[in-house]
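Take a look at the structure set out below.
2 protein chains.
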Amino acid sequence: MTPDTLDGRAPLPLRPNSLREQIRESIRRQLQHGEITPGDRLVDVEIANKLGVSRMPVREALLQLVNEGYLVGTTRGFVVPTLSLKDIQDIFEVRRLLEPQAAANAARNLTPEQEATLREALARAKKAHAARDLDELAAANRLFRATWLSAEPNWRLASTIQRFVDQVQIVRLGTLKDPETQDVVIAGLEKIVDAFVRRDAAAASALMMTFILDAERSFFAAHATREAAGDNYQRHAIP
Amino acid sequence: MTPDTLDGRAPLPLRPNSLREQIRESIRRQLQHGEITPGDRLVDVEIANKLGVSRMPVREALLQLVNEGYLVGTTRGFVVPTLSLKDIQDIFEVRRLLEPQAAANAARNLTPEQEATLREALARAKKAHAARDLDELAAANRLFRATWLSAEPNWRLASTIQRFVDQVQIVRLGTLKDPETQDVVIAGLEKIVDAFVRRDAAAASALMMTFILDAERSFFAAHATREAAGDNYQRHAIP
DNA sequence: ATTCGGGATATTGTATCCAGTCACGCCCAA
DNA sequence: TTGGGCGTGACTGGATACAATATCCCGAAT
Chain V
103 MTPDTLDGRA
113 PLPLRPNSLR
123 EQIRESIRRQ
133 LQHGEITPGD
143 RLVDVEIANK
153 LGVSRMPVRE
163 ALLQLVNEGY
173 LVGTTRGFVV
183 PTLSLKDIQD
193 IFEVRRLLEP
203 QAAANAARNL
213 TPEQEATLRE
223 ALARAKKAHA
233 ARDLDELAAA
243 NRLFRATWLS
253 AEPNWRLAST
263 IQRFVDQVQI
273 VRLGTLKDPE
283 TQDVVIAGLE
293 KIVDAFVRRD
303 AAAASALMMT
313 FILDAERSFF
323 AAHATREAAG
333 DNYQRHAIP
Chain C
103 MTPDTLDGRA
113 PLPLRPNSLR
123 EQIRESIRRQ
133 LQHGEITPGD
143 RLVDVEIANK
153 LGVSRMPVRE
163 ALLQLVNEGY
173 LVGTTRGFVV
183 PTLSLKDIQD
193 IFEVRRLLEP
203 QAAANAARNL
213 TPEQEATLRE
223 ALARAKKAHA
233 ARDLDELAAA
243 NRLFRATWLS
253 AEPNWRLAST
263 IQRFVDQVQI
273 VRLGTLKDPE
283 TQDVVIAGLE
293 KIVDAFVRRD
303 AAAASALMMT
313 FILDAERSFF
323 AAHATREAAG
333 DNYQRHAIP
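Heads up: the protein sequence lines correspond to chains V and C, in order.
Our numbering numbers the first residue of the first sequence as 103 and each following residue consecutively.
Our numbering numbers the first residue of the second sequence as 103 and each following residue consecutively.
Now the structure itself:
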């Protein structure tokens with residue numbers, strides 16, 4: 103029988119090793135890691151040359167990323183969008199609606215291995231915090247979320263969340279620089295891990311909600327101070 | 103300045119009249135209208151010939167639809183997936199999380215024109231119900247949802263909802279045949295319209311939730327009876 | 001009769017090529 | 001010096017051509 107039914111499992115891309123998929127994942131990772139920042143332009147032929155492939159798979163990867171909200175297409179190249187405040191609010195609104203429930207589901211389904219990985223991610227986050235290692239902290243954060251999301255049995259829910267998280271992640275990296283925000287994040291993670299290991303779905307849900315609200319608050323607070331300092335995060339043209 | 107910022111508005115496709123977009127919309131409409139049903143195979147070169155264009159835009163449209171969950175790609179053509187029961191449950195779970203809030207937001211932002219369109223959609227649904235016109239009832243349903251979703255200011259939320267609705271819509275068409283289900287639907291629409299015209303966000307939210315729960319219940323009830331009758335909705339191979 | 005294997009074929013994936021369009025910069029004039 | 005028009009080029013969109021591959025069918029051997 104042809105696999106024409108989704109049957110609950112995540113739909114693996116048709117050819118997982120297709121150039122399109124590899125390129126897409128590569129760019130997505132660069133976005134997650136902040137190696138490509140808002141305002142950057144992505145030109146298909148450029149990337150194609152760098153990778154030694156033709157334009158077509160690159161183009162398809164870029165179009166897919168546009169479709170997923172990571173990029174916007176202009177008449178003059180694809181660019182990473184600089185999200186407006188309303189955009190950020192909108193994304194956080196969706197996250198508030200989805201993530202608490204997803205966390206509750208994950209808490210019920212967590213395997214011992216996933217629990218161990220969560221603990222590891224927390225430990226790494228703490229160490230990174232102590233060492234003031236921003237990149238490592240962000241990496242631990244990603245591992246943490248990827249892990250509990252993998253325990254969510256509803257893959258549509260999980261991947262929807264992942265997409266929206268990624269989109270704010272780019273800008274969130276900036277707010278993570280603030281030590282006070284880092285404290286809040288670490289404390290939040292700690293409590294959530296605790297709820298997860300206790301398999302306490304209700305607590306996981308509630309804590310995830312406050313975690314998101316904290317992230318939102320800290321972002322807008324940071325933005326306000328930057329605004330007051332006359333420094334727009336969008337990095338407008340320099341006079 | 104290049105329009106590289108999303109700024110709250112829906113990101114119109116770069117070239118709205120591009121072949122890719124036209125084809126994508128065409129196929130999406132056919133799916134919504136049940137003109138393409140689960141199990142059908144879509145072959146790019148075939149569609150391309152029928153439309154008199156090359157494979158490339160068709161292929162890109164199909165890939166995009168895969169990305170949005172409408173299709174799955176196999177090694178031998180793109181097919182409309184036959185959703186498993188778990189898939190349906192999963193989709194309904196996401197809808198339960200998103201639509202009540204979206205309805206509340208829409209109730210606060212509804213324009214008089216949109217209100218009028220909602221009334222019209224309700225009237226059409228009633229007439230279709232009386233005339234036992236299933237297609238027209240489904241069309242009225244689509245108009246209804248498209249209208250209130252257009253009042254949702256968070257376009258990411260709105261389009262996410264639309265995608266998930268479309269995916270169950272295909273299979274929901276089957277359950278709408280049941281007259282009793284139709285009664286429930288009409289009654290639900292009536293109450294929701296009432297909440298909308300009163301701009302009662304809380305009521306809209308609650309009613310939307312029960313509306314979805316009813317839809318879910320009626321689907322699984324219908325499925326159970328079909329199951330008991332030995333007739334699987336997936337329409338397995340005929341001996 | 002049934003199963004295993006090999007080749008034909010249908011269909012996707014990738015490369016190259018051509019066309020159209022929009023942005024930017026230059027140049028000229030006021 | 002500044003504003004506006006026009007040309008040029010960079011980039012995307014679409015078409016055509018080529019390669020890779022999984023599936024299906026048929027035949028042969030057990």
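Using N, Cα and C, we set each Cβ at its ideal position, and we do this for glycine too.
- When C-alpha distances from P255 of chain C are compared across C:A204, C:G141, C:L121, C:I263, the shortest belongs to C:A204.
- When beta bridges are read from the DSSP output, F180 of chain C appears opposite C:L144, C:G175.
- With the rule of 3 Cβ pairs closer than 8 Å, the segment 196-213 of chain C counts as touching the segment 303-322 of chain C.
- Excluding its 5 nearest sequence neighbours in each direction, E217 of chain C has C-beta neighbours in its own chain below 7 Å: F298, V299, listed in chain order.
- The C-beta distance from G154 of chain C to V181 of chain C rounds to 24 Å, too long to fall under 8 Å, and the pair is not in contact.
- Interface flag for R258 of chain V against chain C is set, since a Cβ pair is found closer than 7 Å.
- Judged by their CB atoms, E170 of chain V and R122 of chain V are not nearer to each other than the 7 Å cut-off.
- For N243 of chain C, the number of other beta carbons within 10 angstroms of its own is at least 16, and it is reported as buried.
- In chain order, G110, P255, N256, W257, R258, L259 make up the part of chain V whose C-beta sits under 9 Å from the C-beta of D192 of chain C.
- If the five residues before and after A253 of chain C are omitted, its C-beta is found closer than 6 Å to the C-beta atoms of A208, N211, L212, Q216, all from its own chain and listed in chain order.
- Within the model, the alpha-carbon separation for V287 of chain C versus Q132 of chain C is close to 23 Å.
- The segment 194-202 of chain C and the segment 263-279 of chain C touch, with no fewer than 3 CB-CB distances between them shorter than 8 Å.
- For N169 of chain V, the enclosing alpha helix (DSSP H) has its first and last residue at 157-169.
- For K228 of chain C, the uninterrupted alpha helix (DSSP H) run begins and ends at 214-232, by DSSP.
- Apart from sequence neighbours up to five positions away, the residues of its chain that approach S120 of chain V with a beta-carbon distance below 8 Å are P159, ordered along the chain.
- Considering only V:H135, V:T327, V:G179, the residue with the shortest C-alpha distance to V147 of chain V is V:G179.
- In the three-state reduction of the DSSP assignment, R301 of chain C falls in the coil class, being assigned neither a helical nor a strand state.
- For L121 of chain V, no chain C residue has a Cβ inside 8 Å of its Cβ, as the nearest lies near 13 Å away.
- The alpha-carbon of D302 of chain V is positioned some 11 Å away from that of K293 of chain V.
- A distance of 7 Å or more separates the beta carbons of T219 of chain V and T184 of chain V.
- Non-local C-beta neighbours of A240 of chain V in its own chain, meaning closer than 7 Å and more than five positions away in sequence, comprise L275, L278, ordered along the chain.
- From the listed residues C:E318, C:L199, C:S156, C:E137, the smallest Cα separation to L259 of chain V is found for C:L199.
- Contact between Q264 of chain V and L245 of chain V is absent: CB atoms are separated by about 13 Å, not below the 8 Å threshold.
- Within the segment 144-159 of chain C, not one residue has a Cβ closer than 7 Å to any Cβ of chain V.
- Following the DSSP letters along the chain, one finds E123 of chain C inside the alpha helix (DSSP H) bounded by residues 121-134.
- The beta carbon of V273 of chain V sits no closer than 7 Å to any beta carbon of chain C.
- A232 of chain V and D280 of chain V have their alpha carbons spaced roughly 13 Å apart.
- DSSP places L200 of chain C in the uninterrupted alpha helix (DSSP H) bounded by 187-211.
- Taking a beta-carbon distance threshold of 7 Å, V196 of chain C counts as an interface residue toward chain V.
- Using a CB distance cut-off of 7 Å, N211 of chain V does not count as an interface residue toward chain C.
- Residues A242 of the same chain have their beta carbon placed closer than 6 Å to that of R226 of chain V, with the five preceding and five following residues left out of the count.
- Check the Cα spacing between A317 of chain V and each of V:E238, V:T283, V:A230, V:D189: the tightest is with V:T283.
- Close CB contacts of E238 of chain C within its chain, under the 6 Å cut and outside five residues either way in sequence, are with A230 (chain order).
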